[in-house]
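Taking it in order: structure first as structure tokens, then the write-up.
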Amino acid sequence: MLVNEDSVKEVLSVNIKSARIKSNLTQDELSEKADISNSFLKVIEGRSFRY
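Residue numbers are given in our numbering: position 46 of the sequence shown equals residue 74, and the series is strictly consecutive.
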């Protein structure tokens with residue numbers, strides 16, 4: 029089964045944001061725990077990231 033890259037990005041974005049909210053974390057808190065920039069987390073959650 030072929031998977032569309034955009035679909036994968038959307039699923040990842042939604043799952044990351046959902047897990048963050050369920051954990052009662054702000055974007056600042058999660059980005060600090062994940063050792064990534066807050067701006068990068070915003071891009072990821074916004075589904076516009078590219079790799």
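For each residue, glycine too, the CB sits at the ideal point set by N, CA and C.
Cβ pair S65, S59 closer than 8 Å: Taking the first residue of the sequence shown as 1, we reach residue 65 at position 37. Taking the first residue of the sequence shown as 1, we reach residue 59 at position 31. Yes, they are a contact pair.
Per-residue burial, I72 [other beta carbons within 10 Å of its own, 16 or more giving buried]: In the sequence shown, counting from the first residue as 1, residue 72 sits at position 44. By the 10 Å Cβ count, I72 comes out buried.
I49 in three-state terms, based on DSSP: Numbered from 1 along the sequence shown, position 21 holds the residue referred to as residue 49. I49 falls in the helix class under three-state DSSP.
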